[in-house]
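All remarks here apply to the structure that follows.
Numbering (full-length UniProt numbering), first residue to last: 1 to 334.
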């Protein structure tokens, strides 16, 4: 079965190209346009570097013959397995950083939603624990690890079933967090007036978020094949791992792409259609008016210049801002 080995380069090169553009624009927008480069941006930048590393390690393993039943003279089976194990460990770490970045974006948005903030913090703690345990399991699947790529004969390795169960736990946490992070924006934007172009962008982003979750669900089918392997090594095992990796690369690449697009809303003001005029309503509204208003609104929420209405840091729900004028009338006898 060479389908996975032959198909894997396509998503790798596709998402490398897409994410170079998306992450590059995100950095540009946050540094030069909105001047609000935050923790989530640092996390996404690190995740992108990790994704490039992940793709590079995977491509090197394929170049060295990983999963190819025809061992050509220039192949190096030991190096092939070594690089693939390194890419697997990198995948677990990168997936964690990507999820953390998305959670931090939502945490910045949920300024006044205490319950949502607690939920997000709990999810980040769970992701941290899960990722740490999973990384150790993958990194120490064989003791010594060199036994995994065929160096030495003394030692022990985890069974294919244990590795498959680890994959199931990855998928379970991944699916739960993906649907949580894809659905929360709809709740957070309840009561916020949106322009037509922003509505369209949010629909696309939510759709991509759900798509990444669906990819993870599809990968579960192939993890079952990994669990049924008689041995965690060999060509059959390599093909099973590569098949799951087609969907793993797609999921991580799509998540980075979606997370980066979410930060590009300031660019929407350059789009000629779907604009509205009149009063601005915080982050997702659109306006041609400007103001020098500087008001503090409970729990650190700021009402910034309306021309910065596309920054996701400042959300003012419709109907929450009121202007009150008080008059005092005095009478005196003349």
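All residues carry an ideal CB built from backbone N, CA and C; glycine is no exception.
Spatial neighbours of residue i in its chain, beta-carbon cut-off 6 Å, leaving aside the 5 residues before and after
i           : result
residue 266 : 29, 33, 34, 310
residue 14  : none
residue 246 : 4, 7, 8
residue 149 : 78, 81, 82
residue 308 : With a pLDDT of 41 at residue 308, under the threshold of 50, the predicted position of this residue should be treated as unreliable, and no value is reported.
residue 254 : 212
residue 26  : 260, 263
residue 151 : none
Distance, residue j Cα to residue i Cα
i           : j           : result
residue 135 : residue 89  : 6 Å
residue 40  : residue 173 : 20 Å
residue 24  : residue 264 : 10 Å
residue 139 : residue 241 : 15 Å
residue 130 : residue 260 : 24 Å
residue 262 : residue 111 : 17 Å
residue 123 : residue 107 : 11 Å
residue 243 : residue 69  : 15 Å
residue 336 : residue 211 : One cannot answer for residue 336 here, as it falls past the ends of the chain, which runs 1 to 334.
residue 290 : residue 36  : For residue 290, the pLDDT reaches just 39, beneath the cut-off of 50, and the residue's location in the model is therefore unreliable, leaving the point undetermined.
residue 16  : residue 218 : 22 Å
residue 147 : residue 62  : 20 Å
residue 67  : residue 237 : 8 Å
residue 161 : residue 31  : 47 Å
residue 284 : residue 126 : Summary for residue 284: the model assigns pLDDT 35, below 50, so the residue's position carries little reliability; its value from the coordinates is reported in the next sentence. Looking at the two C-alpha atoms, the distance is approximately 30 Å.
residue 128 : residue 154 : 33 Å
residue 314 : residue 114 : Bear in mind that a pLDDT of 41 at residue 314, under 50, signals an unreliable position, so the model cannot answer this.
residue 186 : residue 213 : 16 Å
residue 164 : residue 45  : 30 Å
residue 339 : residue 142 : The structure shown does not extend to residue 339, since the chain spans only 1 to 334, so no value can be given for it.
residue 222 : residue 250 : 14 Å
residue 248 : residue 55  : 11 Å
residue 159 : residue 21  : 41 Å
residue 145 : residue 183 : 40 Å
residue 239 : residue 133 : 25 Å
Own chain residues within Cβ distance below 7 Å of residue i, not counting five before or after
i           : result
residue 48  : 19, 23, 256
residue 103 : 120, 123, 124, 181
residue 220 : 171
residue 50  : 90, 93, 94, 97
residue 38  : 108
residue 10  : none
residue 299 : Because the pLDDT at residue 299 is just 41, under 50, the model does not fix this residue reliably, and the point stays unresolved.
Expected contact under 8 Å - CB spacing of residue i and residue j to nearest Å
i           : j           : result
residue 91  : residue 252 : 7 Å
residue 169 : residue 216 : So it is not a contact: roughly 12 Å between Cβ atoms.
residue 137 : residue 166 : 5 Å
residue 65  : residue 80  : 5 Å
residue 58  : residue 12  : 7 Å
residue 83  : residue 60  : 5 Å
Below-8 Å beta-carbon distance, residue i vs any chain D residue
i           : result
residue 142 : Considering every chain present, this structure includes no chain D. It has just one protein chain.
Contact set for residue i: own chain, Cβ-Cβ below 8 Å, skip 5 residues either direction
i           : result
residue 105 : 40, 259, 262, 263, 312
residue 339 : Outside the displayed span of the chain (1 to 334) sits residue 339, for which this structure offers no information.
Heavy atom of the ligand MG within 7 Å of residue i beta-carbon
i           : result
residue 262 : For the ligand MG, the structure offers nothing, since it holds no ligand at all.
Jot down the residue ranges of each uninterrupted alpha helix (DSSP H) in the region 136 to 193, minimum 4 residues, whole runs only, in chain order.
-> Secondary structure remark: continuous alpha helix (DSSP H) runs of at least 4 residues inside the region 136 to 193, in chain order: 160 to 188.
Per the contact definition of three or more C-beta pairs closer than 8 Å, is the region 74 to 87 in contact with the region 112 to 123?
-> With the cut-off at 8 Å, the region 112 to 123 and the region 74 to 87 do not touch.
Just checking, does the region 167 to 185 make contact with the region 99 to 110 on the three C-beta pairs under 8 Å criterion?
-> Contact between the region 167 to 185 and the region 99 to 110 is present: three or more C-beta pairs spanning the two stretches fall below 8 Å.
Complete alpha helix (DSSP H) runs within the region 49 to 136 (minimum length 4 residues, chain order) | Within the region 49 to 136, the alpha helix (DSSP H) runs of at least 4 residues that lie entirely inside it are, in chain order, 77 to 109.
Would you mind listing the alpha helix (DSSP H) stretches within the region 229 to 265 that are 4+ residues and don't spill past its ends, in chain order?
-> DSSP runs (the alpha helix (DSSP H)) wholly in the region 229 to 265: 235 to 261.
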